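S.K.: Right, I'll just put the structure down here and ask away after.
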Amino acid sequence: MLFVLLASVAVMFSACATCKTKKVEEETVSQPAAMTEPTKVIPEKPAVKESTLSATPMIAVGDKLDPIYFDFDKYNLKDLSRDQLTKNAQWLKNNPGAVVRIEGNCDERGSNEYNLALGERRAASAKKYLVYQGISPNQLETISYGEEKPTCGGHYEGCWWKNRRDDFVIVEK
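Numbering (our numbering), first residue to last: 288 to 460.
Structure (structure tokens):
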């Protein structure tokens, strides 16, 4: 057995000794001269004065104002939500002909019936605050989608908090 092993090793070494290494020569390829194209001169646009810019962006029917978010199983407004609602109220004051639908949403936890009711309370809470800010109730509609329109499909807290929200969709302008 030892003899077979030694013979195999000897054959391998002898096979390697007969291999020659080939040198690969690099080919040099000359690069064609770079072609120059005429330079186009684009006239500068005059700078837009900040005073001519609108304080609110152009928004169309179907667009959304920024949403607000809620804690788990809650419909009371947090300070950050009140700040956002104040911005949405300002937009509504600047656009008195606009109608916004407040869409209450929930995460997937809880029954469909419970989440529909919670979503309605969330939308009503936002509407009440906007009316308190001076917005006409005629400019506001509410609906609850419960857990039916998630923005994030994951099954963990990092996703659920994104689904506990009110969306503000412009339905008339």
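Glycine included, every Cβ here is placed at the ideal spot set by N, Cα and C.
Please read all numbers here as calculations on a predicted model, not as lab measurements.
Below 8 angstroms on the Cβ atoms is my guess for residue 379 versus residue 417; work out the distance and round it to an integer in Å.
M.R.: 7 angstroms
S.K.: Give the single residue among 446, 364, 390, 375 whose Cα lies nearest to the Cα of residue 454.
M.R.: 390
S.K.: If residue 385 sits next to residue 420, beta carbons under 8 angstroms apart, how far is it from one beta carbon to the other, in whole angstroms?
M.R.: Going by Cβ atoms, the distance from residue 385 to residue 420 rounds to 15 angstroms, so no, they are not a contact pair.
S.K.: Residue 405: buried (16+ other C-beta within 10 angstroms of its C-beta) or exposed?
M.R.: Counting Cβ neighbours within 10 Å, residue 405 comes out buried, since at least 16 surround it.
S.K.: By the DSSP assignment, the alpha helix (DSSP H) with residue 416 in it spans what residues?
M.R.: 399 to 419
S.K.: Using 10 angstroms around the beta-carbon of residue 367, count the other beta-carbons present and answer buried if the total reaches 16, otherwise exposed.
M.R.: Residue 367 is exposed by the Cβ-count criterion.
S.K.: Report the partner residues of residue 392 according to the DSSP bridge assignment.
M.R.: In the DSSP output, where bridge partners are listed per residue, residue 392 has 433.
S.K.: Identify which residue in 351, 400, 435, 352 has its Cα closest to the Cα of residue 447.
M.R.: 435
S.K.: Distance check for residue 444 and residue 412, CA to CA, integer angstroms please.
M.R.: Each residue's Cα considered, the two are about 23 angstroms apart.
S.K.: Do residue 414 and residue 429 have their C-beta atoms closer together than 7 angstroms?
M.R.: yes
S.K.: State the Cα-Cα distance for the pair residue 397 and residue 422, rounded to the nearest angstrom.
M.R.: Straight through space, the alpha carbons of residue 422 and residue 397 are spaced by roughly 32 angstroms.
S.K.: Should residue 433 be labelled buried (16 or more other beta-carbon atoms within 10 Å of its own) or exposed?
M.R.: Residue 433 should be labelled buried.
S.K.: In chain order, what residues of the same chain have a beta carbon less than 6 angstroms from the beta carbon of residue 362, not counting five sequence neighbours either side?
M.R.: 408, 409, 412
S.K.: In three-state DSSP terms, what is residue 369?
M.R.: helix
S.K.: What did DSSP end up calling residue 352 once you bin it into helix, strand or coil?
M.R.: strand
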